[in-house]
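First comes the structure, then the notes that go with it.
Number of protein chains: 2
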Amino acid sequence: MTILPEPRRTTHSANRGGTAGDGAGSIKSAERVLRILDLLAGQPDGLAAPEIRSALGLPKSSLHGLLRVLCDRGYVFIDARVRRYRIGIRAWEVGQAYSRIRNVAVLVGPVMRELRDQLNETVQLAVLDGLDNLYLAKVDSEQPLRLVSGVGLRLPAHTTALGKVLLADLPTEELRRRLAGVTLARFNSRTIGDTPRLLRVLAEVRQAGYAEDDGEYTVGLFCVAVPVRDPAGTVVAALSCSMPSARAGVGPERAPNFLPALRACATRLGALMAPLPDPQDGLALGG
Amino acid sequence: MTILPEPRRTTHSANRGGTAGDGAGSIKSAERVLRILDLLAGQPDGLAAPEIRSALGLPKSSLHGLLRVLCDRGYVFIDARVRRYRIGIRAWEVGQAYSRIRNVAVLVGPVMRELRDQLNETVQLAVLDGLDNLYLAKVDSEQPLRLVSGVGLRLPAHTTALGKVLLADLPTEELRRRLAGVTLARFNSRTIGDTPRLLRVLAEVRQAGYAEDDGEYTVGLFCVAVPVRDPAGTVVAALSCSMPSARAGVGPERAPNFLPALRACATRLGALMAPLPDPQDGLALGG
DNA sequence: CGATTTTGTTCAGAGATGTGAACGGGGGTT
DNA sequence: AACCCCCGTTCACATCTCTGAACAAAATCG
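So the protein sequences, as listed, match chains A and B. Heads up, the first sequence is in the UniProt record's numbering, so the first residue is 1 and it goes up one at a time. Heads up, the second sequence is in the UniProt record's numbering, so the first residue is 1 and it goes up one at a time.
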């Protein structure tokens, strides 16, 4: 079991308490409650209390109060037979509110299915969170092809076409800040493993208006992605199609083959999806 | 804007602090964080900080710390242009973990679509949460019919066929506890409006193994629902089909028409969905 | 463009929460 | 069946959070 690397970091440096460990003036119980949810979300089989304790380094007596609140409110439930805590129905319900905001649940599906039928390839929609892309929706090709991605899952943005499109849209300064001190994970020899090269690739993506992934995460898988812009021009997501490299053909013109259909679909999706800023912008609380 | 009635209540009566307002020894910030999420989940357009404050009765200075934690962790984000807080992507991500646990995302859809094709009516899957049924999945009929329900939404269980099936499965004592002091909302003349009658109906449902809803929530809408049992026989959800009363016909044999198909599908779904207890069981923390 | 109202931030005292150690209870094991 | 081990619970003290009012900063309005 791996604990996710600290995904988000506040820019605020104000510190009240003095000792400061991490949160910098943050509210301990609030933080912990969310950490527990984060942790449990990654564990389909749930976690026993002692496992949560050791994963998050919480004292025994502190954890129980938190778990009781989470259980009482339905965000977590305990499977009594195995004494394991799992994500509860209330967490799901709250999450649905997000996809309703973005119209993902009802409106986006049919449009994406059309594109899938047009291309007969797997089609995906993702947004950026930190340095990961997060899959909002997916319509599988009818051809047999299993992707490791899936709705609600995340992959490192620098390894996917979707991710590169989304990263390319960030202001340079923001991009550098997010990349500062980060080591880009490599999954095979084609993965972009260093920041300078990533920045060069992103510049190309920005100019071309689309990104490719030629087996950079999964060997043998080729993807093309384009940004999804709302009517105001803001990038609200990215749209991709994925296929075995063999089916994509070779040479520099294989990506452009898919662009017209992808772009047409992206335009429709952009009109559907509410014009919301990148989640990360939540930091700008203090102005 | 209405605030949901306190949905869950712990059975624990232990009380540490003494003053007790509500939570009885609960952790204030933890509770508040979840309350904020609950509140924002119901507001597609988000809420400004003062609105959150008045809705939850929080002091000005307390709210900001909580919101900062929620924003930093991505559970909430602030739309800077309108200064409104909304449910964030992380909340969605965590919620997806729940539907993955129950296999709702990937496996349940195709099976339900088959049933829809068989019956050519809208098919829905729901679980119980307190006295509400919560829609996990839905496959629309191809005939024009708009239901007020939808994935992630909840309706009072006593007004729907799904809800009645789910309530009927509760042990009598648990049922009485949940109904204690509750006034059953009425939506039209057919809605079951008093507890004794509800208990009688539920007894019939228990015996028959299915429930009907003949316009009790939406006038003119007829539904039939059956329990979804896992291989061990535990009810893990309920499955229904809905149609305009006109199409259902009249007389006592209209529901049985749908039962064979519904039950066959429910059996398949039960095998797919992990054997998880009712969310409410989370209360049994103390053993 | 300036005044006004509303919102966000800061601060120190009051009060509730977090902590660690000891107790009680189950479950698994031999 | 009894033991042992581990988990969950309880408690009082130290600590950190919550609070309310005053201040500062926007946003709105005329």
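For every residue, glycine included, the Cβ atom is placed at its ideal position computed from N, Cα and C.
Closer than 8 Å to chain B by CB, residue i
i	result
ARG53 of chain A	no
VAL69 of chain A	yes
TYR98 of chain A	yes
PRO144 of chain A	no
LEU221 of chain A	no
VAL111 of chain A	no
SER29 of chain A	yes
VAL94 of chain A	yes
Backbone secondary structure at residue i - three-state DSSP
i	result
GLN43 of chain A	coil
MET243 of chain B	strand
ASN257 of chain A	helix
LEU155 of chain B	strand
GLU216 of chain A	coil
LEU58 of chain B	coil
PRO227 of chain A	strand
TYR75 of chain B	coil
GLN118 of chain A	helix
LEU194 of chain A	Reading off the sequence shown, one finds Asp at residue 194 of chain A, where the question assumed Leu. Coil at ASP194 of chain A, not helix or strand.
ALA49 of chain A	helix
VAL82 of chain A	coil
LEU134 of chain A	strand
LEU66 of chain B	helix
LEU147 of chain A	coil
VAL123 of chain A	strand
ALA238 of chain B	strand
ASP129 of chain A	strand
ALA203 of chain B	helix
Neighbour flag for residue i against chain A, beta carbons, 8 Å
i	result
VAL235 of chain B	no
ALA41 of chain B	yes
GLY57 of chain B	no
ASP230 of chain B	no
ARG86 of chain B	yes
ALA105 of chain B	yes
ALA126 of chain B	no
LEU37 of chain B	yes
SER26 of chain B	yes
Burial state of residue i (16 or more Cβ within 10 Å)
i	result
ASN133 of chain B	buried
PRO156 of chain B	buried
PRO196 of chain A	exposed
ASP213 of chain B	buried
GLN124 of chain A	buried
LYS60 of chain A	exposed
SER189 of chain B	exposed
residue 328 of chain A	The structure shown has nothing for residue 328 of chain A, since chain A only spans 1 to 287.
ALA185 of chain B	exposed
Of the listed residues the options, nearest to residue i (C-alpha basis)
i	options	result
CYS265 of chain A	A:TRP92, A:SER245 and A:ASP230	A:ASP230
ASP38 of chain A	B:PHE77, B:GLY95 and B:ALA180	B:GLY95
ASP129 of chain B	B:VAL111, B:PRO50, B:PRO110 and B:LEU179	B:LEU179
GLN207 of chain B	B:THR159, B:VAL226 and B:THR218	B:VAL226
PRO252 of chain B	B:GLY46, B:ARG190, B:ALA261 and B:PHE222	B:PHE222
PHE187 of chain B	B:THR159, B:THR172 and B:PRO110	B:THR159
VAL151 of chain B	B:GLU142, B:TYR135, B:LEU145 and B:LEU166	B:TYR135
LEU147 of chain B	B:THR218, B:VAL108, B:GLU204 and B:ARG83	B:THR218
ARG68 of chain B	B:ARG86, B:SER54 and B:ARG190	B:ARG86
GLY209 of chain B	B:ALA238, B:VAL182 and B:GLY220	B:ALA238
TYR75 of chain A	B:LEU162, B:ALA41 and B:ASP72	B:ALA41
VAL236 of chain A	A:ALA255, A:VAL224, A:ASP72 and A:LEU167	A:LEU167
LEU47 of chain B	B:SER242, B:ILE27, B:ALA80 and B:GLY270	B:ALA80
ARG90 of chain B	A:GLN143, A:LEU202, A:GLU174 and A:SER99	A:SER99
ILE192 of chain A	A:GLY215, A:LEU170, A:ARG176 and A:ARG154	A:GLY215
SER245 of chain B	B:ARG200, B:GLY109, B:LEU259 and B:LEU145	B:LEU145
GLU142 of chain A	A:THR267, A:ARG102 and A:ASN120	A:ASN120
MET112 of chain B	B:ILE27, B:ASP140 and B:THR234	B:ASP140
Cut-off 7 Å between Cβ atoms - residues of its own chain near residue i, not counting five sequence neighbours on either side
i	result
GLY21 of chain A	Per-residue confidence for GLY21 of chain A stands at a pLDDT of 36, beneath the threshold of 50, marking its modelled position as unreliable; no derived number is given.
ARG263 of chain A	VAL226
LEU63 of chain A	ALA49, ILE52 and ARG53
GLU255 of chain A	Reading off the sequence shown, one finds Ala at residue 255 of chain A, where the question assumed Glu. So the list reads TYR210, GLU212 and VAL224, once near-sequence residues are dropped.
Residue i beta carbon near the ligand ADP (any heavy atom closer than 7 Å)
i	result
LEU37 of chain B	As presented, the structure is devoid of all ligands, the ligand ADP included, so that no description of it is given.
Neighbourhood of residue i by C-beta distance below 6 Å, restricted to the same chain and skipping five residues each side
i	result
GLY23 of chain A	With a pLDDT of only 46 at GLY23 of chain A, under 50, the local geometry of the prediction cannot be trusted, and the value read off the model is given with reservation. Excluding residues within five positions, the ones whose Cβ falls inside 6 Å are GLU31.
HIS12 of chain A	Its pLDDT being 29, under 50, HIS12 of chain A is placed unreliably by the model, and the measurement read from it follows with that caveat. Excluding positions up to five away in sequence, the list is empty.
LEU70 of chain B	VAL76
GLY270 of chain A	VAL228, ARG229 and ASP230
LYS138 of chain A	GLN124 and VAL151
Close beta carbons around residue i, own chain, < 8 Å, minus the five adjacent residues each side
i	result
ARG84 of chain A	ASP45, GLY46, LEU47, ALA48 and ILE78
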